[in-house]
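Residue numbering for the sequence shown follows the working numbering, beginning at 3 and increasing consecutively.
Input: a single structure, listed below in structure tokens.
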Amino acid sequence: MADSSRIYVNNLSSKTTVDQLQGRLAKKGIAVDAIKINKQTGVAICEFSTPEIAANAAKELNGERIHGKTLSISKRTEIVANVVTEIGLQ
């Protein structure tokens, strides 16, 4: 799966399940191919069939609240940039 077809959902509650994320997307008419949640970090990786669907999902999920937490969306390039900044490799 190309990185452009993948989004990272940040700030998830440890209570949030794959079914809840899929349901939230389904209510908005968005089909997701796969979701993997890391409950320790509060991050989910969502994969979609096309970059366009991924972009639409990012737009729809960004700012949504689940279990009292506001979601933020990022792409891999943003995550890599943040890590580079944090470890001082700019």
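Backbone N, C-alpha and C define an ideal beta-carbon position, used for all residues, glycine too.
Rounded Cβ spacing between residue i and residue j (contact assumed at less than 8 Å)
i, j, result
"proline 53", "serine 16", "Not quite, the Cβ-Cβ distance comes to about 30 Å (not below 8 Å), so this is no contact."
Distance, residue j Cα to residue i Cα
i, j, result
"isoleucine 55", "leucine 14", "21 Å"
"glutamate 62", "glutamine 42", "24 Å"
"valine 20", "isoleucine 37", "6 Å"
"isoleucine 39", "alanine 28", "17 Å"
"serine 74", "asparagine 64", "5 Å"
Under 9 Å between C-beta atoms of residue i and residue j
i, j, result
"alanine 1", "threonine 72", "Residue numbering for the chain in the displayed model covers 3 to 92; residue 1 lies beyond these limits and cannot be assessed."
"alanine 59", "valine 34", "yes"
Under the three-state DSSP convention, the category residue i falls into
i, result
"serine 15", "coil"
"methionine 3", "Unreliable positioning characterises methionine 3 in this predicted model, as indicated by a pLDDT of 48, which lies under 50. A coordinate reading is not provided."
"lysine 30", "coil"
"glutamate 54", "helix"
Own chain partners of residue i with C-beta closer than 8 Å, once the 5 adjacent residues on each side are dropped
i, result
"arginine 8", "Ile47, Cys48, Glu49, Phe50, Ala56, Lys77, Arg78"
"arginine 67", "Leu73"
Any non-hydrogen atom of the ligand HEM closer than 8 Å to residue i Cβ
i, result
"isoleucine 39", "Ligands in the displayed structure: none, and consequently the ligand HEM is not present."
Own chain residues within Cβ distance below 7 Å of residue i, not counting five before or after
i, result
"glutamine 24", "Val34, Ile37"
Own chain, CB closer than 6 Å to residue i, minus 5 neighbours either side, in chain order
i, result
"glycine 31", "none"
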